[in-house]
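Residue numbers (our numbering): 7 to 295.
Some notes on the structure that comes next.
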Amino acid sequence: MPPVFRFAPSPNGYLHLGHAYSALLNFQRAQDAGGRFLLRIEDIDPTRCRPDYEQAIYEDLAWLGITWELPVRRQSEHLPEYRAALARLQAMGLVYPSFESRAEIARLVAQRDADGDWPRDPDGSPLYPGAARQLSDAQRAELMARGMPYALRLDMAAAVARVGEVSWDELGSGPAGETGVTIARPEAWGDVVLARKETPTSYHLSVVIDDALQGVSEVVRGQDLFQATSVHRLLQALLGLPAPLYRHHQLIRDGDGHKLSKSNRATGLRALRAEGVSSAEIRHRIGLV
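Here it is in C-alpha cells:
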C-alpha cells in the first residue's frame, strides 16, 4: 500500500513559516514516495478555533502549491469516535476524574515547590499534583452530581504497568539528536488529561485515533512534539492501534532563536502573501528549494 502522510493544523490562528515547512515537507515526501497526502483540521477547542482561520489554512496551502485529498477530516465532526476510545480506557480502569481548578493546581504546585522542586513535564509544565486518583467511586459520583467541572486523566503508572516498555522508529531526530529505535518515556508526563467535562477528547487522544483511522504510516512533524510521542505510543499500545513511523524535523525559528508562534505577524503566511512575497520565496526562506 502507498505510504500516507498528513498535515494537521489547528485553526486557532494564521499559519506561519514553521507550518509552511512542515506542510511542504509532508507534501514532498508523499509525492516522492508515490503516497497520499491528507489534510486534517484539529478543531476540538471551540473557544479558540474559528472558521476564518480554517479558511485561511486552505488558502495558504493552495498558494504554496499544495493539494490534498477530500474530504478533509475535521476533528469536531468525529467526537463519538474519541468518546468510544476513551470508554475503552475507562473500562480498563485507567482513567479517573480530577476536580481541581487551574488555580487550585497552581496552589498545590506552589506548596510542593516549597518542599523541593516539583517535577515538570518535558514541556515545562508541572506534573499533576492532586490526589483525585484516591477518591472513592462514591466521592467521584457525588462531585459529578453537583456539576463540578473535571478533567479525565490517564493513570500513568497503571497504564505503563499494563503495556510495559514501548518504543518507536525515529527517522528524523529529537532535540538532542535522538534517532533510530527510541524508547518511550511516557511517565515523564505524569497523569495527562485525556478529556474534560465539556470536551470528550484531548490532543493526545484524538491524534492517535485520527492517525489510525486515516491509515497514516509516517508522521512528519516538528521536534517540539518529539517528547509527546511517548504518550502517543503508550495510547496506541493500550488501544491496539498500529504504530506509524515518526520523523521529527527541525523547527523554523526567528532571529532570536525562538520557535515561531501564530501571534508573530512577521512570519505569518497570510501577511507575507499580502506583502507580495511569492510561494517560491517562502520555499527559499525555509530551505526547501
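Glycine residues also receive a C-beta, built at the ideal position from the N, C-alpha and C atoms.
Quick check on DSSP: helix, strand or coil for residue i?
i	result
G33	It is worth fixing the name first, because residue 33 is Phe in this sequence and not Gly. F33: helix per DSSP, three-state reduction.
T273	helix
G180	coil
L21	coil
I288	helix
Y156	coil
A249	coil
R113	helix
D38	helix
L294	coil
Out of the options, which has the shortest C-alpha to C-alpha gap to residue i?
i	options	result
D216	R94, H238, P8, L149	H238
A68	A90, Y88, R276	R276
P128	G180, E106, A138	G180
R296	L23, G41, N18, H22	Residue 296 lies beyond the range of the chain shown here (7 to 295); nothing can be said about it.
P250	V214, G99, T185, E287	V214
Going by DSSP, what residue range makes up the alpha helix (DSSP H) through residue i?
i	result
I215	209 to 219
R168	162 to 169
L244	235 to 245
Would you check if the distance between the CB atom of residue i and the CB atom of residue j is smaller than 8 Å?
i	j	result
H255	V226	yes
Y59	Y20	yes
L92	L177	no
D161	V101	yes
L294	L31	yes
R159	D121	no
P132	R126	yes
T207	Y88	yes
S284	G71	no
CB of residue i to nearest heavy atom of the ligand ZN: below 7 Å?
i	result
I292	Among the ligands in the structure shown, none appear at all, so the ligand ZN cannot be discussed.
Where do the N-terminal and C-terminal ends of the beta strand (DSSP E) with residue i fall, by residue?
i	result
A14	First-last for A14: undefined, no H or E at that position.
V225	224 to 228
V187	186 to 189
V283	Note, V283: premise wrong, no beta strand (DSSP E); not H, not E.
A201	199 to 202
Any beta carbon of chain B sitting closer than 8 Å to that of residue i?
i	result
L177	Although the question refers to chain B, the structure presented lacks it and comprises just one protein chain.
### Segments assigned alpha helix (DSSP H), at least 4 residues, entirely inside the segment 117 to 152
143 to 151
### Query
Which runs of the beta strand (DSSP E), 3 residues or longer, sit entirely within the segment 59 to 111?
101 to 104
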